[in-house]
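Residue numbers (our numbering), protein chains in the order written: chain A, 1 to 352; chain B, 353 to 704; chain C, 705 to 1056; chain D, 1057 to 1408.
4 protein chains.
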Amino acid sequence: MLMRINVGIIGASGYTGGELLRILANHPSVEVSYVTSREHAGKPLHYVHYNLRGYYKGLRFHEFKLDELTEKADVVFLSLPHGVSLKYVPDLLNTGIKVIDLSADFRLKDPSMYKFWYGFEHPYPDLLSKAVYGLPEIHRDEIRNASLVASPGCNATATILALLPVARAGLIDLNRIVSDVKVGSSEGGSKPRAGSHHPEREGAIRPYDAEGHRHAAEVEQELRLITKADVSVSLVPYAVSSVRGALASVHSWLVREVDDVEVMKAYVQTYSKEHFIRLVRAVPPGYPDPKYVIGSNYADVGYAVERRLRRLTAFAAIDNMVKGAAGQAVQAFNIMAGFEETLGLENPPLKP
Amino acid sequence: MLMRINVGIIGASGYTGGELLRILANHPSVEVSYVTSREHAGKPLHYVHYNLRGYYKGLRFHEFKLDELTEKADVVFLSLPHGVSLKYVPDLLNTGIKVIDLSADFRLKDPSMYKFWYGFEHPYPDLLSKAVYGLPEIHRDEIRNASLVASPGCNATATILALLPVARAGLIDLNRIVSDVKVGSSEGGSKPRAGSHHPEREGAIRPYDAEGHRHAAEVEQELRLITKADVSVSLVPYAVSSVRGALASVHSWLVREVDDVEVMKAYVQTYSKEHFIRLVRAVPPGYPDPKYVIGSNYADVGYAVERRLRRLTAFAAIDNMVKGAAGQAVQAFNIMAGFEETLGLENPPLKP
Amino acid sequence: MLMRINVGIIGASGYTGGELLRILANHPSVEVSYVTSREHAGKPLHYVHYNLRGYYKGLRFHEFKLDELTEKADVVFLSLPHGVSLKYVPDLLNTGIKVIDLSADFRLKDPSMYKFWYGFEHPYPDLLSKAVYGLPEIHRDEIRNASLVASPGCNATATILALLPVARAGLIDLNRIVSDVKVGSSEGGSKPRAGSHHPEREGAIRPYDAEGHRHAAEVEQELRLITKADVSVSLVPYAVSSVRGALASVHSWLVREVDDVEVMKAYVQTYSKEHFIRLVRAVPPGYPDPKYVIGSNYADVGYAVERRLRRLTAFAAIDNMVKGAAGQAVQAFNIMAGFEETLGLENPPLKP
Amino acid sequence: MLMRINVGIIGASGYTGGELLRILANHPSVEVSYVTSREHAGKPLHYVHYNLRGYYKGLRFHEFKLDELTEKADVVFLSLPHGVSLKYVPDLLNTGIKVIDLSADFRLKDPSMYKFWYGFEHPYPDLLSKAVYGLPEIHRDEIRNASLVASPGCNATATILALLPVARAGLIDLNRIVSDVKVGSSEGGSKPRAGSHHPEREGAIRPYDAEGHRHAAEVEQELRLITKADVSVSLVPYAVSSVRGALASVHSWLVREVDDVEVMKAYVQTYSKEHFIRLVRAVPPGYPDPKYVIGSNYADVGYAVERRLRRLTAFAAIDNMVKGAAGQAVQAFNIMAGFEETLGLENPPLKP
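Take a look at the structure:
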């Protein structure tokens, strides 16, 4: 493995940027060669990412310059806010650099969905069809040849991974689905706000976007693709007091009597070859808990059936910073680069 | 207010026992005169309840003796595990003492439900019909004359209070309801277990009883009573890392197009005269969060509608130790005693 | 207790303002009649203090106006930042209103200390001698007749209360004292900052002001007064991940062999008549822990001696928002008003 | 790096055992070939260490058998309670296997110290002189040739690393030192106890062993060795509500006026070549915080001087599970094996 790819990160001072840097620090085939931050330009990385003291010696944050980037990097990760990425992407693609965008700006195929969920007219509808939704468990082959990958949202990732097997197997009513997602505070990003102030956030169990979170758009898009049917998903997220971690509880109703073997089979068939999906069923601790994937790219997936009411709840637990953001982006990068998909992502989660 | 009632607490060394003692410490019309604990008999209360140092001077835990209790107390609270309370209640009632039982042993009217949900044949089916389900917002008048009050479970309290207005108003499909309840660690009681060990519980987002929590039985019973219709409720609880607090998110589907005024009206009509129910809607912080009821007997109630899918989620946030246990029991006690319902329960929650 | 005193709070939208409102909500002899907040003028109190929904109906935040205040209130609490209070106090005192200031602006007697520790020339040195340091355990008699009370800092309160008995008894070297204080996040106030952002603060154990925290000035002043000797105290605070609570560990060296009885005697003599001081020694849980005073005005005090090295560590655990701020201010208020010192402060702490 | 060493772990179901397994999972030159647990014999590893699902396929916990161990492993880690390790070590050494013991049983050179601090007569005083105290920053050369390494305690590691530079440079009074150590709950091990019950531990700031923690014995031993002088250290630990992390604040007094350059020089000289020591001084976040070493083998070291009082506080922040236990043991293992010292330990800490 002598080949090394030069990588740039735009918007590298936020949480997903920092997490990319953490993961890539030991990626054997990556050289991070260019990182940008408007606010912190000129500073060494560890002035912002205290954990990285001792890594990336000599590297500093830059103001973004297109020619510097393309000179130094072969692939670029965008860790920018929604609505900002899309200003960068066309010019980047024109230079021939490969782009992995962690924002929502290119995840949806239908431009009208941007109007509905994000409140703006998408300026590059053509690029939407070119972009590949970067969930390897669904789009591995397309990612391989993509020039633009739109890396999935964390709530969407957890919801899709939980739901995919039973939706595909036709076991559930596809129009009565609620994904109740509990997330840690890192999901809100690195900017302090009133709601993220420690005294207010610690101990909170606080619904937000309860009238329907916009990651539902990605979930519905992907599940329609898979099921070739109409799918409606409500996504209701909550701030709980963890720092990392997201658990999606996707509540649904079975369309008929189904025994455990049949449900289990759906999960096994979908995921038996997926390295980063671990089934948690009838083994300790009983159900997926994001606590036990922290720091890793795993999604722990499981389910429960209440036979009395034909309710099936599908669970997926991820580290929102890894499988929900930077780790999944590196997984897609590995696929694009022709590397082992697990490269740089082999470390076990922490416990406790 | 010269009258003082002598009160006993059986099983006073656990969390709900301690919470009763905390609340009653400043109740102007209560004298706690007899408290029992098998494990801690002989010790002063503050050897177990460190917060109570300086209160209840002279009072110690006793081994339970029926004659001592009836000599010293006019009303008794039972803070005992499920299946234990029912061994005490018949004898207690025979002495004429009034009983407020915080366990599940007398909450369900239909004896067969004990077989189904709790796995035992109820030995006193006649007492089940005599017992009053101690939710004042539904059974205030019966509580007034009750000799046996079965105080509701915390997950049930939150679910019922969230759901009651829209169920009663006929706005939702009563057979597709999922109550997704997130609870703090105090709900598990005072006995250390593997799952409550701090390193494992802190940061957890962990489903339990995901095939259907047994508090669903209470919820269905009470909602059938109110709606005179069949009601099915799935109740799925989660351990999150708060210490106190429970949030019920009750997901349901509207039976028709409903505007906000109509939903709001249902809540206002049901709760406008209820001191301990506070409506949180279109005011900060947006939705109920148990963080802001901690230490108090309030239930903060609210809802969200996703018009696109006709989903209505009803929320109720409580302190599981207060409105979910000891506070609600004291509220019922006040009603039984003919006191102001709020007596001893007037303190605002903590923030932050 | 028919008498009611009208009270104003300036700067009522911050954490200490909110805590005053929480405590005074059930004070039987107080009517909160005027509250100010520049930022939130016009809003009902519960738009900021979510816990207070249902309390103080009809009361709103006002822009401060001197004549409105004096017309409506007999006593005023100032919950303002350091350096801001002192702009209000002279005018307030001129109107004859009694002032309880929760800032540091009038705590120090020696004006030069403001230059040294706070970096400004104090503009009203004459008022410094008039102000009474509002620690009832030391200055009860002067508080009774004070027109201006300077309520102590939370780190100072914990350090002084821990140290007072052994300092007064002459048991320790007064020039080698380090107070290592661990505090919850509420101590930093209600304004979000980078260091208080939940993802960064949760799980932190972070020294700040480690070259000497300025509350040392108050501690030294008060201990010199008591001991009539020179006293040097280093105060090093740490952010830990609790929300409320402060524990001072005051490390010192015994000047001679001392047995436990002698140390215990020093504590008992100093505090046996103090309602809000509870001695924790040789009883569970072993040493003071702020966890068990939360929500209350108690200071739990204790100590440990390492005989081998003649080290004595004195501990005091407080709720930084109560005995460390608003509760202590209400305690002083009660004394000034001639009320029972405990009025409105009788509630036990929470556990767990 | 084709060579692989077979490794056994005795007592592998506890926290330090699990952490060894986590770290060794990706160690390129280690094959974990034998793990024991009395309680969990027969189970796959991930039944206990949920994080390790997907790793160590085929490996299960065994009952310890000496011949099985020596047949399968070249080096063995002991993750056993104090007083238990010493029963295994003599037999193990007789077989010629190399032993890294994570307990305290062979850390102290002076047998009488076991009597004083641990309350037992050490049965193998000869082995004490043979054992090497496994702190690479002091004993690297001896570790290289050791057959028995006694891996340091976590509180001791943090205290020694903070103090070493200034003690060696003769800058501080060696007889007035207090190490005030704040630790997360994982330090207490994996067995649930009353004090580790989540509702009681979360939010706690709780002194324990406040009359002098026994890790002081290791600290004094090592510092006497380095300084050739008498050294007295008080060690006072506290439970705070983090899960991982320990911060030692070592309070001391300078023996003379010292400027910052001189102190800094002491730290730089001691640690400039130490890979796992990172100096935090005059750069963000100001002082070491264990939050930013979590998951890694780093010790972040720094200090503060209060010139006014000639107080110097030295800080060291570690992950108690890594540099405080399993990581340090692997670091010693690498040295013994002739590997790069950092092998398997290269991953950056998490943030946030």
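For every residue, glycine included, the Cβ atom is placed at its ideal position computed from N, Cα and C.
Inset, instruction - Measuring only between beta-carbons, confirm whether residue 889 of chain C sits less than 8 Å from chain A. - result: Yes, residue 889 of chain C counts as interfacial toward chain A.
Legend entry - According to DSSP, residues forming a beta bridge with residue 1308 of chain D: Answer is D:1368.
Legend entry - Cβ neighbour criterion (16 or more within 10 Å) applied to residue 683 of chain B: With 16 or more neighbouring CB atoms inside 10 Å of its own CB, residue 683 of chain B falls in the buried class.
Inset, instruction - Would you check if the distance between the CB atom of residue 1334 of chain D and the CB atom of residue 54 of chain A is smaller than 8 Å? - result: Against a cut-off of 8 Å, the Cβ pair of residue 54 of chain A and residue 1334 of chain D comes out as a contact.
Inset, instruction - Mind checking who residue 306 of chain A pairs with in its DSSP beta bridge? - result: DSSP, once it has assigned bridges, lists A:311 as partnering residue 306 of chain A.
Inset, instruction - Find the residues of chain C that neighbour residue 402 of chain B, judging by a C-beta separation of less than 7 Å, and give them in chain order. - result: Within 7 Å Cβ-Cβ: 988, 989, 996, 1055.
Legend entry - Sub-8 Å separation of residue 1019 of chain C and residue 1007 of chain C beta-carbons: Cβ atoms of residue 1019 of chain C and residue 1007 of chain C: closer than 8 Å.
Inset, instruction - Kindly indicate if chain B contains any beta-carbon less than 8 Å away from that of residue 117 of chain A. - result: So no, residue 117 of chain A is outside the interface.
Legend entry - chain C within 8 Å of residue 527 of chain B, Cβ atoms only: Residue 527 of chain B does not count as touching chain C.
Inset, instruction - Can you have a look at residue 935 of chain C and say buried or exposed, based on whether 16 or more other CB atoms are within 10 angstroms of its CB? - result: Here residue 935 of chain C is buried: its Cβ has 16 or more other Cβ atoms, across all protein chains shown, within 10 Å.
Legend entry - Distance, residue 1248 of chain D Cα to residue 545 of chain B Cα: Going by the C-alpha atoms only, they are around 6 Å apart.
Legend entry - Given residue 250 of chain A as reference, the closest of A:222, A:265, A:164, A:295 once Cα atoms are compared: Nearest C-alpha to residue 250 of chain A: A:164.
Inset, instruction - Going by CA-CA distance only, name the one from A:291, A:144, A:244 that's closest to residue 136 of chain A. - result: Checked all of A:291, A:144, A:244; the closest Cα to residue 136 of chain A is A:144.
Inset, instruction - Give the DSSP bridge partners of residue 155 of chain A, in chain order. - result: The secondary-structure analysis by DSSP pairs residue 155 of chain A with nothing; it has no beta-bridge partner.
Legend entry - Any C-beta of chain D under 8 Å from that of residue 1009 of chain C: Residue 1009 of chain C has a beta carbon lying within less than 8 Å of a beta carbon in chain D.
Legend entry - Residue-chain proximity (residue 243 of chain A, chain C), Cβ-Cβ < 8 Å: For residue 243 of chain A, the answer is yes, since a Cβ of chain C falls inside 8 Å of its Cβ.
Legend entry - Secondary structure of residue 684 of chain B, DSSP reduced to three states: In the three-state reduction of the DSSP assignment, residue 684 of chain B falls in the helix class, which pools H, G and I.
Legend entry - Same chain only: Cβ atoms within 8 Å of residue 772 of chain C, ignoring 5 sequence neighbours per side: Here residue 772 of chain C has 738, 766 as same chain residues with Cβ atoms under 8 Å from its own Cβ, once five neighbours each way along the sequence are excluded.
Legend entry - Per-residue DSSP class, three states only, for residue 705 of chain C: Interpretation of residue 705 of chain C is limited by its pLDDT of 47, a score under 50 that renders its predicted location unreliable; the figure taken from the coordinates is listed afterwards. Residue 705 of chain C sits in coil when the DSSP states are folded into three classes, being neither helix nor strand.
Inset, instruction - Indicate whether the contact test is met: 3 or more Cβ pairs, each with one atom in the segment 611-627 of chain B and one in the segment 552-572 of chain B, closer than 8 Å. - result: Contact fails: fewer than three Cβ-Cβ distances are below 8 Å.
Inset, instruction - Taking all protein chains shown into account, decide if residue 1057 of chain D is buried (16 or more other Cβ within 10 angstroms of its Cβ) or exposed. - result: Model confidence at residue 1057 of chain D stands at a pLDDT of 47, short of 50, so the residue's coordinates are unreliable and nothing is read from them.
Inset, instruction - For the alpha helix (DSSP H) containing residue 91 of chain A, list its first residue and its last residue. - result: For residue 91 of chain A, the enclosing alpha helix (DSSP H) covers residues 85-94.
Legend entry - Outcome for residue 1172 of chain D when other beta-carbon atoms lying within 10 angstroms are tallied against a minimum of 16: Exposed: under 16 other Cβ atoms inside 10 Å.
Inset, instruction - Please name the residue in B:637, B:542, B:605 whose C-alpha comes closest to that of residue 595 of chain B. - result: Just measuring C-alpha positions, the residue of B:637, B:542, B:605 sitting nearest residue 595 of chain B is B:542.
Inset, instruction - From the DSSP output, read off the bridge partner residues of residue 734 of chain C. - result: As DSSP reads the structure, residue 734 of chain C sits in a beta bridge with C:709.
Legend entry - Residue range of the beta strand (DSSP E) that includes residue 367 of chain B: Note, residue 367 of chain B: premise wrong, no beta strand (DSSP E); alpha helix (DSSP H) at 367-376.
Inset, instruction - Could you check the C-alpha separation between residue 539 of chain B and residue 507 of chain B for me, to the nearest Å? - result: Going from the Cα of residue 539 of chain B to the Cα of residue 507 of chain B covers about 9 Å.
Legend entry - Within chain A, the residues that residue 641 of chain B reaches when beta carbons sit closer than 7 Å: 204, 205, 206, listed in chain order.
Legend entry - Nearest neighbour of residue 675 of chain B, chosen from B:659, B:699, B:549 [CA to CA]: Ranking the options by Cα distance to residue 675 of chain B, first place goes to B:699.
Legend entry - Any 3 or more C-beta pairs closer than 8 Å across the segment 574-591 of chain B and the segment 519-528 of chain B: The segment 574-591 of chain B makes contact with the segment 519-528 of chain B, as at least three CB pairs between them are under 8 Å.
Legend entry - Own chain residues within Cβ distance below 7 Å of residue 827 of chain C, not counting five before or after: Exclusion of the five residues before and after residue 827 of chain C leaves 790 as the residues of its chain whose Cβ lies within less than 7 Å of its Cβ.
Legend entry - Own chain, CB closer than 7 Å to residue 1073 of chain D, minus 5 neighbours either side, in chain order: Cβ neighbours of residue 1073 of chain D beyond the five flanking positions: 1065, 1067, 1135.
Inset, instruction - Answer yes if the segment 336-344 of chain A comes into contact with the segment 387-394 of chain B, meaning at least three C-beta pairs across the two stretches below 8 Å, and no otherwise. - result: Touching, no, given that fewer than three Cβ pairs across the two stretches are closer than 8 Å.
Legend entry - Short CB-CB distance (under 8 Å) between residue 19 of chain A and chain B: It does not: the Cβ of residue 19 of chain A has no partner Cβ on chain B nearer than 8 Å.
Inset, instruction - Compare the C-beta of residue 81 of chain A against all C-beta atoms of chain D and say whether one is closer than 8 Å. - result: For residue 81 of chain A, not one C-beta of chain D is nearer than 8 Å to its own C-beta.
Inset, instruction - In angstroms with no decimal places, state the Cα-to-Cα distance between residue 412 of chain B and residue 372 of chain B. - result: Just so you know, the alpha carbons of residue 412 of chain B and residue 372 of chain B end up roughly 15 Å apart.
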